[in-house]
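Asks:
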Amino acid sequence: MIPVQILRSKRIEEQAADDEWLAASTEKGFIAWLNKCTHYCCVPGFKHLPTVNAEQENRVYCQCHQSTYDPFTQKLRTVPGGGREVFAGPLPSVPVTRDILVWHRDDLRTADNRALAAAAADGDPHPVFVFDPRYYGESALACDARLRFLHETLSDLDGQYRESGSELAYRWGDPRAELRRLLDEGVVDAIYCNRTTTARYGRRVAETVREWDAVRTFSDDGIRRPDRRHADGTVAVDTREGWAGDDRPWNEHCEAYFEGDPAPRPDALPGNAVESTTTVAEVESEHGVDPDKEEVPRGGTVAGNERLSAFLGRLHDYPSVVSPPAAAAERSSRLSPYLAFGALSPRQVYQRLGEVPEGRGASMFRSRLYWNRHYTQKLADWPGWTERAVNPVMRGLYRADHDPDLVAAWKRGETGFPMVDAAMRALVGTGYLNFRMRALVATFFVYVLGEWWRRGADFMYRHLVDADAAINYTQWQSQCNLTGVHPVRVYDPAKQAREYDPNGEFVREHVPELAPLPDEHLARPEKAPLAVQAEAGVRVGEDYSYPVVDYERRAAAARERFARLDDRAREALSDPRVRRRGSFSQRGGERTEGDVDAEGSANGGQASLDEF
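Yeah, the sequence shown ends on 2058 if you go by my numbering, and it's all consecutive.
#1: Measuring only the C-alpha atoms, how far is residue 1667 from residue 1996?
#2: Are there 16 or more other CB atoms within 10 angstroms of the CB of residue 1543, so buried, or fewer, so exposed?
#3: Check whether the Cβ atoms of residue 1596 and residue 1734 sit closer than 8 Å, and answer yes or no.
#4: Are the beta-carbon atoms of residue 1675 and residue 1636 separated by less than 8 Å?
#5: Within the same chain, show all residues whose beta-carbon is closer than 8 Å to that of residue 1957, passing over the 5 residues directly before and after it, in chain order.
#6: Assuming residue 1911 and residue 1591 make a contact with CB atoms under 8 Å, what is their CB distance in whole Å?
#7: How is residue 1629 classed by DSSP in three states: helix, strand or coil?
#8: Are the CB atoms of residue 1573 and residue 1550 within a distance shorter than 8 Å?
#9: At the level of alpha carbons, what is the spacing between residue 1751 and residue 1908?
#10: Using beta-carbon positions only, say whether residue 1878 and residue 1769 come within less than 8 Å of one another.
#11: If I measure Cβ to Cβ from residue 1694 and keep anything under 8 Å in the same chain, skipping five residues before and after, which residues do I get?
#12: Could you spell out the range, first to last residue, of the beta strand (DSSP E) harbouring residue 1571?
#13: Please identify the residue among 1804, 1901 and 1936 whose C-alpha is closest to the C-alpha of residue 1835.
#14: Going straight from the alpha carbon of residue 1840 to that of residue 2005, what length do you get?
#15: From this set, 1774, 1826 and 1772, which residue's C-alpha is nearest residue 2069's C-alpha?
#16: Would you say residue 1888 reaches chain B, if we count a Cβ-Cβ gap shorter than 8 Å as a contact?
#17: Taking all protein chains shown into account, do 16 or more other C-beta atoms lie within 10 angstroms of the C-beta of residue 1508, making it buried, or fewer, making it exposed?
#18: Excluding sequence positions up to five away, which residues of its chain have a Cβ less than 8 Å from the Cβ of residue 1838?
#19: How is residue 1636 classed by DSSP in three states: helix, strand or coil?
#20: Residue 1816 and residue 1700 look like a contact to me (Cβ under 8 Å); what is the Cβ gap, rounded to whole Å?
#21: Provide the residue span of the beta strand (DSSP E) that contains residue 1890, from first to last.
#22: To the nearest angstrom, how far is it from the Cα of residue 1601 to the Cα of residue 1554?
#23: How should residue 1992 be labelled, buried or exposed, when 16 other C-beta atoms within 10 angstroms of its C-beta is the threshold for buried?
#24: Per DSSP, residue 1664 forms a beta bridge with which residues?
#25: Between 1631, 1906, 1669 and 1628, which has its C-alpha nearest residue 1856's C-alpha?
#26: Terminal residues of the continuous beta strand (DSSP E) containing residue 1545?
#27: Does residue 1984 come out as helix, strand or coil in the three-state DSSP assignment?
#28: Tell me whether residue 1805 is buried or exposed, calling it buried when 16 or more other Cβ atoms sit within 10 Å of its Cβ.
#29: What did DSSP end up calling residue 1615 once you bin it into helix, strand or coil?
#30: Checking 8 Å against the spacing of the C-beta atoms, do residue 2095 and residue 1936 come in under that value?
#31: Rounded to the nearest angstrom, what separates residue 1739 and residue 1594 at their Cα positions?
#32: Give the list of continuous alpha helix (DSSP H) stretches no shorter than 4 residues that lie fully inside the stretch 1768-1821.
#33: Mind checking which residues open and close the alpha helix (DSSP H) that includes residue 1828?
#34: I'd like to confirm the pairing. Which residues does DSSP put opposite residue 1675 in its beta bridges?
#35: Please look up how many angstroms separate the CB atoms of residue 1962 and residue 1983, rounded, as I've assumed it's under 8 Å.
#36: Answer yes if the stretch 1614-1625 comes into contact with the stretch 1761-1768, meaning at least three C-beta pairs across the two stretches below 8 Å, and no otherwise.
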């Protein structure tokens, strides 16, 4: 006899408690009926499973069909007063094969993809990518070059699936509506997806979908994601210490991820049951995706692995090329966009470092991968990093002091400070800046121009091909000391030019109007004697602008302003919630919580693993 009970809504992973009931049902042919019935409410794993009729305890009622199944006679019977007989006669017991939608977002690869591997083990995977209209158009924080990189990566992912007998299905619209429709129409039984660390709109979408009963999520990226949170999203536990049955500190937890076995790539897959409603070409055409940036790498796992292989061959040079902007653009790894879109996983890159001899270059680059996870953990701990200062004392700083002309000059690369201007033109023209130049233009924007950080951070995020919210916004706040922890480090544009572009290679490439000037005058062209300007054919004030502000005076004022806030800012860090919001230590923050910049010192020094 089938137990009399009502199966209420539940997540798929919680359904194990019903195994005994389902086993009993299978013996009497009930599962066979469920397998025949394609209605949403009748398919195992959906939100509303059929219920046992309390009055007819040996029968199961289907609300859609208004029919009752008697497992002993193995017949469907029409309910008096409505409905129809759907099937008659004995129904053979048929094993249920679950159709599982694999929702791709920033995990655009088939190897080391935990959600895909689990779907292949549990049923038939059906990979889907949903183009969200919110990421297209002038108001979106995504340049056309980044969209093109995404589209190339998707085409590459589709090729990977076709090699295995499937294909990537493309949908257009709000992901919540598209995924819900595929569930409601019975196209798929469940959705598997990897957890992603994001904020704002993307986080709201992810949280909505994660609450559905048919959704199973996977966290296999070295990031801790406790569910216990305060109203503002701040974690209610310390992720840097032992947590949720894992008594390891965060650095050991992250190391275990890097050293762990990657999820296997499925060898053979069934055809995709999900139909595409658009194509990459249609999306590009309809939304006018036409990148004007130059020297943008090609997207996709294949291109990413080729770039990684080439980089490993010159890894020994890494310490000397990571900080000079011209050298970094040519000879650093340039793997960041592949990591941002998940064409490669951090673990895949980490484990390939084992192919090369150990040395300073390998050690520095390995440390880089830990920094990547370090800042991703910060955004996972508090999604507000992208919107407001982590330290409440610093909120709204400079917001009322907005000067549109100064911001416009900064965006165009016409501030009169050649290193800043070269960096901003490189950002807009190529979608790439190395870390040191990002820190330079960020601190210049806040400390020297006296502007609210969000205006600059959003502009940079829009233009970066490798834009990663976890890195961009946490670094802006850290470099500009909106945490109340880090020192006020005002990067001197002239000093940066003399130390990291002594021959003027970077400035001449991106600020060509200054190219004829001698090297010694490129850092501060306004100080070049008029005779030198005349001989070079460069007139400051006509061919190139004078500095828009007095750097020395502005830098001194910024140091004084932040010094006045220092005591209050550090007092705010005595609040455990503020410490957790910033992923700071129990001491409220220390030099190892970001004061060691991710580029290392001038001599290439790096933080050790224990400092994370």
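C-beta: ideal position from N, C-alpha, C; glycine also.
Replies: Considering the structure as presented:
#1: The count along the sequence shown starts at 1 and reaches residue 1667 at position 221. The count along the sequence shown starts at 1 and reaches residue 1996 at position 550. Between the C-alpha atoms of residue 1667 and residue 1996 there is a straight-line separation of about 46 Å.
#2: Residue mapping note: residue 1543 aligns to position 97 of the sequence shown, counting from 1. Around the beta carbon of residue 1543, fewer than 16 other beta carbons sit within 10 angstroms, so the residue counts as exposed.
#3: The count along the sequence shown starts at 1 and reaches residue 1596 at position 150. The count along the sequence shown starts at 1 and reaches residue 1734 at position 288. Between residue 1596 and residue 1734, the CB-CB gap reaches or exceeds 8 Å.
#4: Indexing the sequence shown from 1 puts residue 1675 at position 229. Indexing the sequence shown from 1 puts residue 1636 at position 190. No, the pair does not count as a contact, with Cβ atoms beyond the cut-off.
#5: Position 511 of the sequence shown, counted from the first residue, corresponds to residue 1957. 1859, 1864, 1867, 1868, 1871 and 1990.
#6: Walking along the sequence shown from the start, residue 1911 turns up at place 465. Walking along the sequence shown from the start, residue 1591 turns up at place 145. Between residue 1591 and residue 1911 the Cβ distance is about 5 Å, and since that is below 8 Å, they are a contact.
#7: For the purposes of this step, residue 1629 is identified with residue 183 of the sequence shown, where counting begins at 1. Assigned with DSSP and collapsed to three states, residue 1629 falls in helix.
#8: By one-based count along the sequence shown, residue 1550 stands at place 104. By one-based count along the sequence shown, residue 1573 stands at place 127. Yes, the Cβ-Cβ distance between residue 1550 and residue 1573 is below 8 Å.
#9: Counted from its first residue, the sequence shown places residue 1751 at position 305. Counted from its first residue, the sequence shown places residue 1908 at position 462. Their Cα atoms are separated by approximately 26 Å.
#10: Within the sequence shown, residue 1878 is the residue found at index 432, counting from 1. Within the sequence shown, residue 1769 is the residue found at index 323, counting from 1. Not a contact, by the Cβ cut-off of 8 Å.
#11: Residue numbering aside, residue 1694 sits at position 248 when the sequence shown is read from its first letter. Excluding residues within five positions, the ones whose Cβ falls inside 8 Å are 1688 and 1702.
#12: For the purposes of this step, residue 1571 is taken as the residue at position 125 of the sequence shown. The continuous beta strand (DSSP E) containing residue 1571 extends over residues 1570-1577.
#13: Taking the sequence shown and counting its residues from 1, the one referred to as residue 1835 is at position 389. When C-alpha distances from residue 1835 are compared across 1804, 1901 and 1936, the shortest belongs to 1901.
#14: Stepping through the sequence shown from its first residue, residue 1840 is reached at position 394. Stepping through the sequence shown from its first residue, residue 2005 is reached at position 559. Distance between the alpha carbons of residue 1840 and residue 2005 is about 14 Å.
#15: The chain is shown only over 1447 to 2058; residue 2069 falls outside these bounds and no answer can be derived.
#16: Judged by its chain identifiers, the structure shown contains no chain B, having just a single protein chain.
#17: Walking along the sequence shown from the start, residue 1508 turns up at place 62. Bear in mind that the predicted position of residue 1508 carries a pLDDT of just 44, short of 50, making it too unreliable to give a figure here.
#18: By one-based count along the sequence shown, residue 1838 stands at place 392. The residues 2018 and 2024, in chain order, have a CB closer than 8 Å to that of residue 1838 in the same chain once the five nearest residues on each side in sequence are set aside.
#19: Counting from one through the sequence shown, the residue named residue 1636 turns up at place 190. DSSP places residue 1636 in strand when its eight states are reduced to three.
#20: Working through the sequence shown from its first residue, we reach residue 1816 at position 370. Working through the sequence shown from its first residue, we reach residue 1700 at position 254. Indeed, because the Cβ distance is near 6 Å, the residues count as touching under 8 Å.
#21: In the sequence shown, residue 1890 corresponds to position 444, counting from 1. Taken as a continuous stretch (DSSP letters only), residue 1890 belongs to no beta strand (DSSP E), as it is neither H nor E.
#22: Taking the sequence shown and counting its residues from 1, the one referred to as residue 1601 is at position 155. Taking the sequence shown and counting its residues from 1, the one referred to as residue 1554 is at position 108. Our two residues, residue 1601 and residue 1554, have alpha carbons roughly 10 Å apart in a direct line.
#23: Taking the sequence shown and counting its residues from 1, one reaches residue 1992 at position 546. Around the CB of residue 1992, fewer than 16 other CB atoms lie within 10 Å, so the residue is classed as exposed.
#24: Residue 1664 sits at position 218 when you count from the first residue of the sequence shown. Paired residue(s): 1640.
#25: Your numbering for residue 1856 matches position 410 in the sequence shown. Considering only alpha carbons, the answer is 1906.
#26: Position 99 of the sequence shown, counted from the first residue, corresponds to residue 1545. Counting along the chain, the unbroken beta strand (DSSP E) around residue 1545 starts and ends at 1545-1550.
#27: Counting from 1 along the sequence shown, the entry for residue 1984 is found at position 538. It is coil, neither helix nor strand.
#28: Position 359 of the sequence shown, counting from 1, holds the residue named residue 1805. Burial check for residue 1805: the Cβ neighbour count within 10 Å stays below 16, so the residue is exposed.
#29: Taking the first residue of the sequence shown as position 1, residue 1615 is located at position 169. Strand.
#30: The question about residue 2095 has no answer, for the chain in this structure spans 1447 to 2058.
#31: Along the sequence shown, read from residue 1 onward, the residue named residue 1739 stands at position 293. Along the sequence shown, read from residue 1 onward, the residue named residue 1594 stands at position 148. Taking the straight line from one Cα to the other gives about 11 Å.
#32: Secondary structure remark: continuous alpha helix (DSSP H) runs of at least 4 residues inside the stretch 1768-1821, in chain order: 1771-1777, 1782-1787 and 1792-1798.
#33: Start at 1 with the first residue of the sequence shown, and residue 1828 comes out as number 382. No alpha helix (DSSP H) contains residue 1828, which DSSP labels as neither H nor E.
#34: The sequence position of residue 1675 within the sequence shown is 229, counting from 1. Under DSSP, residue 1675 takes part in a beta bridge, and its partners are 1681.
#35: Within the sequence shown, residue 1962 is the residue found at index 516, counting from 1. Within the sequence shown, residue 1983 is the residue found at index 537, counting from 1. Contact holds; Cβ gap of about 6 Å.
#36: Segment contact: the stretch 1761-1768 against the stretch 1614-1625, fewer than three CB-CB distances shorter than 8 Å; contact not assigned.
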